[in-house]
Amino acid sequence: MNRIDAIALWIVAALGAAVLLSGLWESPRESRRMRGERTEVVFWHFWGGEDRAVVRDVVDRFNASQDHYWVRDVAVPGNNLDVKIFLAVTGGDPPDLVNQDDPIVADWARRGALTPLDELASHEEIEELDDWLFPAARRLGQYDERYYALCNGLDVRALYYNETLLKQYGLAPPRTLDELDHIAQTTSLVDNRGNVERFGFLPDARRLLAWGAVFGGRFYDESTSRITADDPANVRALDWMTSYRDRYGADQVAGFSLGDQSLPGKTFPLLSGRYVVVMDGQWRVRDIAASQQRQRTAGEPVTEYGACPLPPPAGGQSEAGWINGNFFVVPRGAKNPEGAWAFMKFWSGFGGHETEAAQTCAAGGWIPVASAVVAEPEFQSYLDRQPLMRVFVDLAASPRQIPIPVIPGASYYDRQLRDAGQRAMYDAGAPPPRTLLEQVTERVQAHVDRTLESPDAR
Amino acid sequence: MRDDRPHPLTHVVLFAAAAVFAAPLVWMVLCSLKPAVELTENPHALVPSRWEWGNYAEAVTSMPFLRYLRNSLVYCLGSVACTVFSCSLAAYGFARLRWRGRNVLFAVLIATMLLPWHVTMIPRFLLLRELGLYNSLAALIVPTLLGDAFYIFLLRQFFLTIPEELSEAARIDGLGEWGIYRRIVLPLSVPALATVALFQFVHAWNDFSGPLLYLSDADKFPLAYGLEQFVSSYSDQTHLLLAASVLFALPIVVLFFFTQRTYLRGIATTGLKG
Chain A
1 MNRIDAIALW
11 IVAALGAAVL
21 LSGLWESPRE
31 SRRMRGERTE
41 VVFWHFWGGE
51 DRAVVRDVVD
61 RFNASQDHYW
71 VRDVAVPGNN
81 LDVKIFLAVT
91 GGDPPDLVNQ
101 DDPIVADWAR
111 RGALTPLDEL
121 ASHEEIEELD
131 DWLFPAARRL
141 GQYDERYYAL
151 CNGLDVRALY
161 YNETLLKQYG
171 LAPPRTLDEL
181 DHIAQTTSLV
191 DNRGNVERFG
201 FLPDARRLLA
211 WGAVFGGRFY
221 DESTSRITAD
231 DPANVRALDW
241 MTSYRDRYGA
251 DQVAGFSLGD
261 QSLPGKTFPL
271 LSGRYVVVMD
281 GQWRVRDIAA
291 SQQRQRTAGE
301 PVTEYGACPL
311 PPPAGGQSEA
321 GWINGNFFVV
331 PRGAKNPEGA
341 WAFMKFWSGF
351 GGHETEAAQT
361 CAAGGWIPVA
371 SAVVAEPEFQ
381 SYLDRQPLMR
391 VFVDLAASPR
401 QIPIPVIPGA
411 SYYDRQLRDA
421 GQRAMYDAGA
431 PPPRTLLEQV
441 TERVQAHVDR
451 TLESPDAR
Chain B
459 MRDDRPHPLT
469 HVVLFAAAAV
479 FAAPLVWMVL
489 CSLKPAVELT
499 ENPHALVPSR
509 WEWGNYAEAV
519 TSMPFLRYLR
529 NSLVYCLGSV
539 ACTVFSCSLA
549 AYGFARLRWR
559 GRNVLFAVLI
569 ATMLLPWHVT
579 MIPRFLLLRE
589 LGLYNSLAAL
599 IVPTLLGDAF
609 YIFLLRQFFL
619 TIPEELSEAA
629 RIDGLGEWGI
639 YRRIVLPLSV
649 PALATVALFQ
659 FVHAWNDFSG
669 PLLYLSDADK
679 FPLAYGLEQF
689 VSSYSDQTHL
699 LLAASVLFAL
709 PIVVLFFFTQ
719 RTYLRGIATT
729 GLKG
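Line by line, the protein sequences are chains A and B. In terms of the numbering used here, the first sequence opens at residue 1 and continues consecutively. In terms of the numbering used here, the second sequence opens at residue 459 and continues consecutively.
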């Protein structure tokens with residue numbers, strides 16, 4: 001036997017031994033066995049990381065709560081759920097329930113890939129749902145005046161600020177846009193060579209939706225079914241965002257912002273001191289808590305942080321902004337849609353499950369979709385422990401929190417708005433905001449028209 | 459006397475190039491040893507403020523690591539065995555047998571390399587479902603029994619370099635084609651076969667989209683797919699993801715370390731080297 005044969009043999013033997021050993025010391029099974037005479041509900045979701053344990057707990061509580069259904073959860077984390085679902089639906093083997101957070105409801109519903117909820121719920125339940133849900137949660141689930149999705153958690157944005165630093169400068173949290181601009185100018189640090197070391201505040205170029213709403217803009221006219229990205233209020237919002245480019249220079253703004261996006265994972269630049277005020281979602285509350293805990297453990301001074309709604313300009317809207325959320329959809333062809341509906345209600349809190357939902361939201365740090373869940377003692381107790389969350393929960397109830405319109409081509413519209421914002425802020429030679437938004441309106445309207453005229457339109 | 463020692467500058471250039479290639483791996487290892495909060499607060503710091511060796515233990519225990527490892531190894535070993543067998547057999551047919559339409563069929567086979575994977579995604583899914591293989595590791599292993607154009611091409615090139623006289627002599631001694639394939643050609647092709655085996659092993663080890671599409675039972679996920687469990691919309695566990703990624707990359711590094719001589723010889727003798 002030559003040397004190569006010997007090496008190959010050793011490798012195969014080692015790998016074979018590894019298979020045997022890993023079989024002997026097996027980890028616990030991922031999927032738990034179904035108990036009793038129940039029907040299985042296959043549930044695909046994107047929750048990984050720390051959230052996974054929370055999902056497991058909801059599933060376990062549901063499975064323990066009744067005798068008809070058994071939920072089997074399959075985690076498909078990352079950005080991979082779409083392709084898996086489409087293949088499964090095309091192949092005639094879809095799951096019973098899917099958790100999503102991309103603006104796909106209208107597109108999938110129009111293609112007939114989703115089961116409308118009125119086929120699963122009674123007429124009374126649907127009417128009750130209308131009153132029960134927060135306005136934003138209602139909007140997120142409806143297309144063509146029918147529910148195709150049930151929202152189970154909202155994602156709200158607000159301004160986080162470094163309170164310790166603001167106090168050092170003798171500044172209060174911003175209540176108006178002018179105050180925010182003042183904070184930005186006062187607390188930004190620029191070195192001798194003109195490079196920005198810290199932004200007091202910098203509008204996120206991808207979030208025109210949020211600032212457009214704050215300026216009182218609309219992005220879609222439901223009465224005429226027209227795209228209104230070039231609404232004058234939206235143009236004013238983009239003008240204001242672009243003023244930061246004019247003040248600091250497109251290269252500085254682009255370099256700093258793109259630097260944030262190149263950071264690993266979901267790093268929070270407020271904690272690294274790159275900003276004094278920054279817009280982000282409620283999930284940062286636990287990052288802040290973890291950072292403060294680390295400071296306490298290390299015996300360092302603890303940095304105080306706060307959160308407040310996006311401040312409006314004169315004539316703008318308070319408590320406004322961009323909202324999105326997580327929602328359940330039942331694919332067409334699901335084998336157990338009734339079981340899926342039962343689980344959806346259990347998770348979201350609808351139909352008398354408010355206590356269970358409050359427990360879920362408190363465990364995950366998630367924002368409920370209805371005031372009845374917020375009012376539950378368990379969730380109120382959670383808010384007492386995490387006071388920063390209260391700002392986000394209050395905003396979730398606001399009718400001025402708007403999602404990307406639930407229309408065919410919503411993802412395309414979202415990308416177009418982000419691109420327009422990034423061009424306006426990162427490119428000194430970009431056309432003026434009005435022109436950019438007129439282009440978005442034209443492109444998206446054409447896209448929507450084409451989509452609605454396509455043969456698979458319903 | 460000619461000095462065969464390389465110029466010192468060569469070493470400097472090679473060292474710099476090696477450092478560039480090694481940098482992401484070094485960064486991954488260092489970040490895998492940082493406390494979770496440090497990755498959120500100060501990701502630019504290269505050296506951890508505190509060496510968090512517990513990340514490794516937590517990464518292994520917070521997912522069914524051994525189960526995923528076993529699934530990965532079953533997938534890798536199964537697909538390597540199937541690939542080496544099917545591709546070498548097909549390559550033998552293209553290299554050593556004369557038959558009508560051989561070159562045309564070989565051209566068609568090579569042309570299949572131009573097909574993007576996405577084109578065959580849905581038909582392959584339907585086929586595997588009809589065969590009852592969906593949601594089993596067999597869905598990943600069985601298709602490798604049907605060969606792979608690149609590996610067949612690679613082995614054919616190697617088989618063409620084996621003198622035809624050896625086969626002739628074997629035929630005169632009464633050996634059939636199967637015997638020539640098994641007792642003459644395969645033993646002489648170990649470097650090429652090892653190269654194919656290594657390529658396929660690495661491909662299967664790293665395969666993400668196959669398990670994503672064809673498996674829907676968490677008990678059957680391989681490691682490459684299992685790593686995604688640390689990713690979430692709200693709370694990536696980046697420190698654990700990096701620790702698990704180091705463990706995930708380790709077998710490939712060790713495997714390459716032990717087989718690099720064979721691997722390089724295979725590359726050099728199959729016409730892949732430019």
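The beta-carbon is built from N, C-alpha and C at its ideal position, and this holds for glycine as well. Keep in mind it's a predicted model, so treat the numbers as computed, not measured.
Taking the CA atoms as reference points, Leu656 of chain B sits about 33 Å from Pro466 of chain B. Residue contact check for Phe268 of chain A against chain B: a CB pair falls below 8 Å.
The segment 182–201 of chain A makes no contact with the segment 412–425 of chain A: fewer than 3 CB pairs, one atom from each, lie closer than 8 Å. Taking 8 Å as the threshold, the shortest C-beta distance from Asp51 of chain A to chain B falls below it.
If only complete runs of 3 or more residues are kept, the segment 250–306 of chain A shows the beta strand (DSSP E) at 277–281, in order along the chain. For Ser223 of chain A, not one C-beta of chain B is nearer than 8 Å to its own C-beta. Annotation: Ser411 of chain A has no Cβ neighbours in chain B at a cutoff of 8 Å; minimum Cβ distance is about 16 Å. Met344 of chain A is classed as buried because its beta carbon has at least 16 other beta carbons within 10 Å across all chains shown.
Only those residues of the segment 78–94 of chain A whose C-beta falls short of 8 Å from the nearest C-beta of chain B are listed: Gly78, Asn80, Val83, Lys84, Leu87, Ala88, Thr90, Gly91, Gly92, Asp93.
Using a Cβ-Cβ cut-off of 8 Å, Asp260 of chain A does not count as an interface residue toward chain B, since no Cβ of chain B sits closer than that to its own. From the beta-carbon of Gly306 of chain A, no residue of chain B is found nearer than 7 Å; the closest lies around 18 Å away. Counting only runs of 3 or more residues that sit fully inside the segment 53–115 of chain A, the beta strand (DSSP E) segments are 69–75, 97–100, in chain order. Contact with chain A is absent for Phe564 of chain B, since none of that chain's Cβ atoms lies less than 8 Å from the residue's Cβ. For Pro116 of chain A, the CB contacts under 8 Å within the same chain, skipping 5 residues up- and downstream, are Ala109, Arg146, Tyr147, Tyr148 in chain order. Ala158 of chain A has A:Asp280 as its beta-bridge partners, per DSSP. In the three-state reduction of the DSSP assignment, Val505 of chain B falls in the coil class. Between the C-alpha atoms of Asp181 of chain A and Phe201 of chain A there is a straight-line separation of about 8 Å.
Every alpha helix (DSSP H) of 4 residues or more that sits fully in the segment 375–414 of chain A is shown, in chain order, as 377–385, 387–396.
Under the Cβ criterion (8 Å, minimum of three pairs), the segment 354–364 of chain A counts as touching the segment 373–380 of chain A. Under a criterion of Cβ atoms nearer than 8 Å, the residues of chain B adjacent to Ala290 of chain A are, in order, Ala494, Val495, Thr498. The distance from the Cβ of Phe617 of chain B to that of Tyr550 of chain B is about 6 Å, consistent with a contact at the 8 Å cut-off. By the CB criterion at 8 Å, Cys545 of chain B and Gly637 of chain B fall outside the cutoff. Rounded to whole angstroms, the separation of the alpha carbons of Lys167 of chain A and Thr303 of chain A is 11 Å. Non-local C-beta neighbours of Gln295 of chain A in its own chain, meaning closer than 8 Å and more than five positions away in sequence, comprise Pro301, Val302, Thr303, ordered along the chain. Leu483 of chain B and Gly273 of chain A have their C-alpha atoms some 27 Å from each other.
With the rule of 3 Cβ pairs closer than 8 Å, the segment 390–410 of chain A counts as touching the segment 315–329 of chain A. Beta bridge pairing from DSSP links Cys361 of chain A with no other residue.
Only buried fits Ile183 of chain A, as 16 or more other CB atoms lie within 10 angstroms of its CB.
Tyr143 of chain A sits away from Val330 of chain A, with the two beta carbons spaced by 8 Å or more.
With respect to the 8 Å criterion, Thr441 of chain A and Ile227 of chain A are classified as neighbours on the basis of their beta carbons. When the beta-carbon positions are compared, Asp67 of chain A and Lys335 of chain A stay at least 8 Å from each other.
Secondary structure note for Gly141 of chain A: its alpha helix (DSSP H) is the uninterrupted segment 135–141. At a beta-carbon threshold of 9 Å, none of the residues of chain B lie near Trp347 of chain A; the nearest stands roughly 16 Å away. For Gln658 of chain B, the closest Cβ of chain A is not nearer than 8 Å.
In this structure, the CA atom of Leu651 of chain B is about 49 Å from the CA atom of Ser257 of chain A. Sequence-ordered contacts of the segment 577–590 of chain B with chain A read Met579, Ile580, Phe583, Leu584, Arg587 [C-beta pairs closer than 8 Å].
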